[in-house]
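Chemist:
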Amino acid sequence: MRAIKHREFFTVTAYLGLHILPNAPFQLKPSPGKGWGAFATREIKIGELILAEKPICAASTYYGRLLPQELQKAIDSITDADMAQLSLLRDNTGKPFMAPQEAFMKNSFGTGTMGNLTLGLYLLQPRFNHSCVPNAIQCPGEDTTISRYACKDIAPGEESIFCYDPSLHSLTKTERHERLGFICKCTCRELAPPLQQVSNLRRRLYRGLRYLSQGKDIDGPTHMNSRRLITNLALKKAAENFELPISELFYYSTLAAVVAEEEGILDYTLAESIKEELSRYVIAFMTPRNMKVAKLAMMKTTWIVKLELAVSIRGQRDEFDAMYTMVRKGLARS
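If you use the numbering used here, the sequence shown corresponds to residues 180 to 513, in order.
1) From the DSSP output, which residues share a beta bridge with Y430?
2) So, with DSSP's three-state summary, where would you put P211?
3) Which one of K471, I425 and W482 has the shortest CA to CA distance from E451?
4) Evaluate V437 with the Cβ neighbour count: other Cβ atoms within 10 Å of its Cβ, from every protein chain shown; 16 or more gives buried, anything less gives exposed.
5) For V490, which option in Y343, E419, S426 and M277 has the closest C-alpha, if you only look at C-alpha atoms?
6) Less than 8 Å between the C-beta atoms of F307 and I340, yes or no?
7) Beta strand (DSSP E) containing F276: first to last residue?
8) On a Cα-Cα basis, can you pick out the residue from R459, L268 and P211 that is closest to P279?
9) Could you check the C-alpha separation between N314 and A501 for me, to the nearest Å?
10) Do the segment 431-448 and the segment 377-389 touch if we need at least three Cβ pairs shorter than 8 Å?
11) Rounding to the nearest angstrom, what Cα-Cα distance links L347 and P201 in this structure?
12) Over what stretch of residues does the alpha helix (DSSP H) that includes G387 continue unbroken?
13) Roughly how many angstroms separate the alpha carbons of L391 and Q317, rounded to a whole number?
14) Determine the DSSP secondary structure at H309, reduced to helix, strand or coil.
15) Taking the beta carbon of H309 as the centre, do at least 16 other beta carbons fall within 10 Å, making it buried, or is it exposed?
16) Opposite P204 in the DSSP bridges: which residues?
17) Fully enclosed by the segment 205-266, which beta strand (DSSP E) runs are 3 residues long or longer?
18) Give the straight-line distance between the Cα atoms of H198 and Q248, rounded to the nearest whole angstrom.
19) Here's a check: name, in chain order, each residue in its chain whose Cβ is nearer than 6 Å to the Cβ of H402, leaving out the five neighbours to either side.
20) When you compare only the Cα positions, how much space is there between D322 and E232?
21) Going by C-alpha distance, which of R459, I225, P467 and V472 is nearest V506?
22) Comparing C-alpha positions only, which one of K485, P467 and K415 sits nearest to F499?
23) Does DSSP classify T353 as helix, strand or coil?
24) Let's see if you can read the secondary structure: which residues bound the beta strand (DSSP E) around A315?
25) Helix or strand or just coil, what does DSSP make of E422?
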């Protein structure tokens with residue numbers, strides 16, 4: 180107990196020295212079971228910027244691989260003032276890092292594409308903790324700046340949390356822990372066994388619905404055979420060959436949004452992405468009734484009401500179905 184208090188004391192005195200802009204809507208303080216975290220100092224509305232931060236140094240990679248000479252070049256570029264801030268960072272045990280290189284590896288984020296990936300050392304971004312049900316999202320900018328936005332309303336005193344890997348949305352509890360390499364402390368972990376089973380089923384259903392609408396597994400073949408995900412082989416083949424009617428795609432995407440909302444993972448970004456999908460289907464419809472119902476669904480403000488309308492045209496053939504299949508196949512080949 181004495182060792183823990185000793186560790187917390189030195190972490191407190193260190194992290195309180197990190198520079199945060201006076202108008203920032205968060206403060207750093209201990210987060211139970213998770214070390215330190217970022218907590219809202221006022222109400223943060225959905226879509227509001229929480230933090231935009233440039234790295235104190237950055238290193239180019241060779242297709243994602245960080246070369247020692249590039250790391251050293253980045254470390255050498257750190258100013259004295261930033262090096263003083265860097266010395267305040269602590270590892271998971273509360274101890275100072277033995278060398279700047281170690282601090283870099285533990286506090287870096289990537290920006291750009293895998294073929295042009297840059298790793299940057301950030302002082303504040305790593306202080307935001309993970310959650311499988313996040314209230315914030317992390318958005319890389321055009322340069323090495325990383326911006327963090329609220330994807331849900333965040334109440335004063337509430338911790339700002341984000342999902343380390345967006346692909347976790349479609350994974351069950353066990354799969355998420357395997358992917359992360361640690362057992363997260365988010366609210367999903369606190370569910371009673373029966374409720375956890377329901378949560379796992381919702382995430383599996385969400386993943387299956389995205390498979391049907393996109394013709395492939397959104398998580399790739401890393402965790403499970405796709406035959407276990409879609410047991411109806413005829414339906415699976417039709418999805419993979421882009422042969423499902425537009426009305427089916429409209430239904431699957433809408434139902435996916437309802438399931439995601441119920442699971443608590445339908446943040447602003449995901450909701451807008453699904454709305455964009457639905458808009459493409461609305462434009463594609465040529466049969467008058469399908470067009471009318473789909474447009475009416477898009478006007479509704481709640482996902483469950485959108486779904487009720489999507490159900491009414493589910494499976495209905497459309498005059499543009501065959502052409503839409505050809506278009507999707509062409510896009511998949513390009």
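From the three backbone atoms N, C-alpha and C, an ideal C-beta is built for every residue, glycine too. Model, not experiment: these values are computed from the prediction.
Modeler: To lay it out plainly:
1) Paired residues: none, contrary to the question.
2) coil
3) W482
4) buried
5) S426
6) yes
7) From DSSP, F276 is part of no beta strand (DSSP E); its letter is neither H nor E.
8) L268
9) 41 Å
10) yes
11) 34 Å
12) P372 to Q393
13) 28 Å
14) strand
15) buried
16) Paired residue(s): none; P204 is not in a bridge.
17) 205-209, 215-219, 228-232 and 236-239
18) 29 Å
19) Bear in mind that a pLDDT of 48 at H402, under 50, signals an unreliable position, so the number given afterwards is only what the model happens to contain. Here the set comprises E354.
20) 11 Å
21) R459
22) P467
23) helix
24) A315 to P319
25) coil
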